[in-house]
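K.L.:
Can you read through this structure? Questions will come right after.
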Amino acid sequence: MNTWNRQRVAKIVIPIAAWLVGIIFVIPILYMVLTSLHAPQDAQTYPPSWGAPLTLENYSGLFTSANPITPALINSVITSVISTLLVLALAIPAAYALAIKPVKKWSDAMFFFLSTKMLPMVAGILPIYLFTTQVIKMPDNVIILILLYTAMNLPIAVWMMRSFLAEVPPAIIEAASIDGASTLRILTRIVAPISMPGVAATSLICFIFAWNEQLYAKVLTSVAAQTGPVFVNTLIQTEHAYLAELAAGATLISLPVLIAGFAAQDKLVQGLSLGAVK
Amino acid sequence: MATVTAPLRETTEPAASRPPEAYKKWGRESWKLRAPLLPALVFLIVVTQLPFVATLVMSFMNWSAQPDAPERSFAGLDNFKTVFTTPAYRTAVLNTIEMTVVVVGVSALLALGIALLLNHAFIGRGVVRTMMIAPFLIVPIAAAVFWGNGILMTGFGLVDGVLGQLGVPGAQDIAFLTDHPKLAIEIQLIWQWTPFMMLILLAGLQSQDPEVLEAASIDGCNGWQTFVHMTLPHVRRYLELSIVLGTIFIVQNFDSVLGMTGGLNSTNIPYAVYETFYSAKDYGVASALGVVVVIGSLIIATFALRVVSSLLEEESR
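Printed below as a string of structure tokens:
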């Protein structure tokens with residue numbers, strides 16, 4: 001095949017293949033949304049009732065049922081937002097120390113942070129469970145989850161923030177320092193504006209991971225501190241038609257992540273690669 | 001535009017470029033430089049390292065929370081013996097390895113193919129990219145329970161329904177979750193993690209200098225030659241990065257097992273730890289299992305750290 005032909009084929013084949021792949025990947029999500037909009041008895045039929053009338057009753061049911069989703073959503077917002085703020089408060093100074101003023105043995109510190117992320121979460125879950133239930137007697141409490149999510153996301157945040165802060169030209173800081181600018185002034189006037197996109201990317205990733213977490217939440221909470229992901233699992237009630245409401249719950253708790261992720265697609269890549277890929 | 005981060009600066013570099021007085025001042029105040037690191041370090045040690053030390057201690061103890069269990073005592077290596085001789089635990093170890101290798105391997109290949117497709121300009125590329133990212137933005141447990149109940153469920157699941165409408169006999173009774181539980185989990189995980197790897201690889205492809213590719217094309221390289229000799233070496237490190245990060249997450253996967261099969265013939269180590277301590281309340285054996293996962297993870301982590309650091313160093317040259 002000559003080059004001209006090859007290019008023409010590529011012009012036709014590549015878009016078709018790409019669209020096909022994209023559609024295949026998105027079908028399960030579209031079907032989940034469709035199921036959530038069907039009445040419970042229409043949602044679990046064989047074969048699927050494609051054209052059944054659409055309704056929002058499953059979504060309103062999530063909020064009005066005897067066991068509403070609202071407290072779980074509030075807990076999810078509280079744990080995700082507060083743990084993200086705590087992560088930033090701890091990670092930004094640490095990343096600053098590592099990036100702008102490299103301390104001795106800084107790479108050891110970096111790899112220590114990263115290695116804690118690779119320690120499987122199940123490895124520490126039993127002592128944490130016993131400590132919260134039997135030592136401090138604070139079972140079913142969002143504070144514990146907030147602290148655990150902070151530790152879970154801190155390594156990622158330090159790595160990401162360091163790579164963003166490393167972009168601040170050291171010459172500028174030295175010049176300001178020699179001119180007598182205080183550390184606070186350097187931070188607020190020079191470092192902060194340059195690193196704001198990095199802070200946004202880091203917050204986004206930490207929020208998503210905290211929002212998604214289910215293992216700690218399942219083991220350490222029961223009623224009062226239950227989060228969205230744990231709640232969704234309780235929607236599996238096989239004694240009646242449950243699939244529509246399950247689909248509605250699954251869609252609803254994924255919405256914040258979908259919105260945040262779509263709004264910041266590029267930051268998502270930076271964050272997921274620990275800031276190594278920009 | 002995709003580029004790779006600024007070089008990791010070695011300690012000596014900035015010092016050499018700095019005026020001597022400033023350097024002296026920095027040296028005197030070195031404790032001040034380290035101080036901002038301490039809160040994060042101390043917090044991480046307390047919340048992640050101490051519990052692991054406790055797990056290590058408990059793994060050498062007879063400790064069950066069952067009502068009729070004997071008093072706590074030193075167990076020596078008995079818990080580890082239990083882990084390696086009980087078929088259920090051995091299976092959990094093998095299942096973890098199998099699921100990780102299959103999911104990471106297939107996802108990496110698919111991700112590379114899709115990233116190459118999306119690296120071309122075509123109508124609606126942004127839309128396709130957005131559709132591709134979506135699976136990664138579904139809360140993992142939500143994705144797992146919907147795959148288990150809405151898509152692969154016997155009878156009213158999407159797959160059985162569509163096969164039935166296509167005229168496949170007996171489609172209504174196809175039971176993916178009970179007949180092929182590991183495959184079902186693997187498919188769901190591949191669906192969720194391919195987008196993640198694809199994003200990293202696409203960023204890598206887009207950081208490739210277009211002039212180099214143009215030069216190769218002018219010099220008469222065909223598409224395949226360009227791919228093997230130019231694109232693949234460039235993208236290799238991104239591929240390694242996506243594989244190690246994917247491995248770290250897939251080894252720890254708990255949500256898909258819980259949400260899809262509830263561990264039926266598909267228990268992995270995280271799920272086995274959860275069951276052993278939460279349901280069976282055997283704290284000693286659960287801790288020993290936890291220690292085993294950590295040792296396995298340390299092996300993976302050694303590779304991971306090497307890849308991450310080489311990626312950063314390579315690009316800083």
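Those protein sequences? They're chains A and B, same order as listed.
Each step along the first sequence adds one to the number in this note's numbering, with nothing skipped, and position 62 is 62.
Each step along the second sequence adds one to the number in this note's numbering, with nothing skipped, and position 155 is 155.
Ideal Cβ placement from N, Cα and C applies to all residues, glycine included.
Can you pull the chain B neighbours of residue 195 (chain A), defined as C-beta to C-beta under 8 Å?
P.N.:
One-based indexing of the first sequence puts residue 195 (chain A) at position 195. Correct list: empty, because the minimum Cβ distance to chain B is about 12 Å.
K.L.:
Does the ligand FAD have a heavy atom nearer than 7 Å to the CB of residue 189 (chain B)?
P.N.:
This structure does not include the ligand FAD; it has no bound ligands of any sort.
K.L.:
In chain order, what residues of the stretch 179-210 of chain A put their CB closer than 7 Å to some CB of chain B?
P.N.:
Residues passing the 7 Å Cβ filter: none.
K.L.:
Which residues in the same chain as residue 33 (chain A) place their Cβ atom closer than 7 Å to its Cβ, once the five residues preceding and following it in sequence are excluded?
P.N.:
Counted from its first residue, the first sequence places residue 33 (chain A) at position 33. Counting only Cβ-Cβ distances below 7 Å, and skipping sequence neighbours, we find 251.
K.L.:
Label residue 138 (chain B) either buried or exposed according to how many other C-beta atoms from any shown protein chain fall within 10 Å of its C-beta, with 16 as the threshold for buried.
P.N.:
Taking the first residue of the second sequence as 1, we reach residue 138 (chain B) at position 138. With 16 or more other Cβ atoms within 10 Å, it is buried.
K.L.:
Looking at the secondary structure, which residues open and close the alpha helix (DSSP H) in which residue 345 (chain A) lies?
P.N.:
Nothing can be reported for residue 345 (chain A): it is not among the residues displayed for chain A, which extend from 1 to 278.
K.L.:
Tell me the DSSP secondary structure of residue 77 (chain B) in three-state form.
P.N.:
Within the second sequence, residue 77 (chain B) is the residue found at index 77, counting from 1. Three-state DSSP puts residue 77 (chain B) in coil, outside helix and strand.
K.L.:
For a cutoff of 8 Å on Cβ pairs, would you count residue 176 (chain B) as touching chain A?
P.N.:
Here residue 176 (chain B) is taken as the residue at index 176 of the second sequence, counted from 1. It does not: the Cβ of residue 176 (chain B) has no partner Cβ on chain A nearer than 8 Å.
K.L.:
Can you tell me the Cα-Cα spacing of residue 188 (chain A) and residue 42 (chain B), whole angstroms?
P.N.:
As a first step, residue 188 (chain A) must be located in the first sequence, where it is residue number 188. As a first step, residue 42 (chain B) must be located in the second sequence, where it is residue number 42. Taking the straight line from one Cα to the other gives about 26 Å.
K.L.:
So does the stretch 150-167 of chain B actually touch the stretch 226-240 of chain B, counting three or more Cβ pairs closer than 8 Å?
P.N.:
At 8 Å Cβ cutoff, the stretches do not touch.
K.L.:
Quick check on residue 38 (chain A): does DSSP put it in helix, strand or coil?
P.N.:
Here the question's residue 38 (chain A) lines up with position 38 in the first sequence. Reduced to three states, the DSSP call for residue 38 (chain A) is strand.
K.L.:
With which residues is residue 62 (chain B) paired in a DSSP beta bridge?
P.N.:
Taking the second sequence and counting its residues from 1, the one referred to as residue 62 (chain B) is at position 62. Answer is B:73, bridged to residue 62 (chain B).
K.L.:
So which residues of chain A does residue 286 (chain B) contact, with C-beta pairs closer than 7 Å?
P.N.:
Here residue 286 (chain B) refers to the residue found at position 286 when the second sequence is read from its first residue. The answer, in chain order, is 126.
K.L.:
Excluding sequence positions up to five away, which residues of its chain have a Cβ less than 7 Å from the Cβ of residue 117 (chain A)?
P.N.:
Locating residue 117 (chain A) in the first sequence gives position 117, where the first residue counts as 1. Around residue 117 (chain A): 155, 156.
K.L.:
Flag this pair as yes or no: are the beta carbons of residue 21 (chain A) and residue 114 (chain B) separated by less than 8 Å?
P.N.:
On the first sequence, residue 21 (chain A) is found 21 positions in, with the first residue counted as 1. On the second sequence, residue 114 (chain B) is found 114 positions in, with the first residue counted as 1. Yes.
K.L.:
Taking the alpha carbon of residue 107 (chain B) as the point to measure from, which residue in B:200, B:277, B:282, B:219 has its own alpha carbon closest?
P.N.:
Against the second sequence, residue 107 (chain B) aligns to sequence position 107. Of the listed residues, the one whose Cα sits closest to residue 107 (chain B) is B:200.
K.L.:
What residue range is occupied by the uninterrupted alpha helix (DSSP H) comprising residue 138 (chain A)?
P.N.:
To locate residue 138 (chain A), count along the first sequence from 1; it is residue 138. Note, residue 138 (chain A): premise wrong, no alpha helix (DSSP H); not H, not E.
K.L.:
So which residues of chain A does residue 344 (chain B) contact, with C-beta pairs closer than 8 Å?
P.N.:
Since the first residue shown for chain B is 1 and the last is 317, residue 344 (chain B) is missing from the structure and cannot be characterised.
K.L.:
For residue 80 (chain B), which residues from the same chain have a beta carbon less than 8 Å from its beta carbon, with the 5 sequence-adjacent residues on both sides left out?
P.N.:
For the purposes of this step, residue 80 (chain B) is identified with residue 80 of the second sequence, where counting begins at 1. Hits under 8 Å: 59, 288, 291, 292.
K.L.:
Could you check whether the Cβ of residue 269 (chain A) sits closer than 8 Å to any Cβ belonging to chain B?
P.N.:
As a working note, residue 269 (chain A) is residue 269 in the first sequence. It does; some Cβ of chain B falls within 8 Å.
K.L.:
Would you please state the rounded distance, in angstroms, between the beta carbons of residue 225 (chain A) and residue 145 (chain A)? I believe it to be under 8 Å.
P.N.:
Numbered from its first residue, the first sequence carries residue 225 (chain A) at position 225. Numbered from its first residue, the first sequence carries residue 145 (chain A) at position 145. Residue 225 (chain A) to residue 145 (chain A), Cβ: 7 Å. Contact.
K.L.:
Whole angstroms are fine: how far does the CA of residue 198 (chain A) sit from the CA of residue 107 (chain A)?
P.N.:
Looking up residue 107 (chain A) in the first sequence gives position 107. Looking up residue 198 (chain A) in the first sequence gives position 198. Each residue's Cα considered, the two are about 20 Å apart.
K.L.:
Between the beta-carbon of residue 23 (chain A) and the beta-carbon of residue 132 (chain B), is there less than 8 Å?
P.N.:
Working through the first sequence from its first residue, we reach residue 23 (chain A) at position 23. Working through the second sequence from its first residue, we reach residue 132 (chain B) at position 132. Against a cut-off of 8 Å, the Cβ pair of residue 132 (chain B) and residue 23 (chain A) comes out as no contact.
K.L.:
Checking 8 Å against the spacing of the C-beta atoms, do residue 104 (chain B) and residue 261 (chain B) come in under that value?
P.N.:
To locate residue 104 (chain B), count along the second sequence from 1; it is residue 104. To locate residue 261 (chain B), count along the second sequence from 1; it is residue 261. No.
K.L.:
Per DSSP, which one or two residues make a beta bridge with residue 54 (chain A)?
P.N.:
Translated into positions along the first sequence, residue 54 (chain A) becomes position 54. Looking at the DSSP assignment, residue 54 (chain A) forms a beta bridge with A:38.
K.L.:
Identify the contact partners of residue 149 (chain B) in chain A, using a Cβ-Cβ distance below 7 Å as the criterion.
P.N.:
Working through the second sequence from its first residue, we reach residue 149 (chain B) at position 149. The answer, in chain order, is 236, 243, 246.
K.L.:
Are there three or more Cβ pairs, one per stretch, closer than 8 Å when the stretch 268-282 of chain B is compared with the stretch 247-257 of chain B?
P.N.:
The answer is yes - the stretch 247-257 of chain B touches the stretch 268-282 of chain B, with three or more Cβ pairs under 8 Å.
K.L.:
Let me know the secondary structure DSSP gives residue 282 (chain B) once reduced to three states.
P.N.:
Translated into the one-based positions of the second sequence, residue 282 (chain B) becomes position 282. If DSSP states are grouped into helix, strand and coil, residue 282 (chain B) belongs with the strands.
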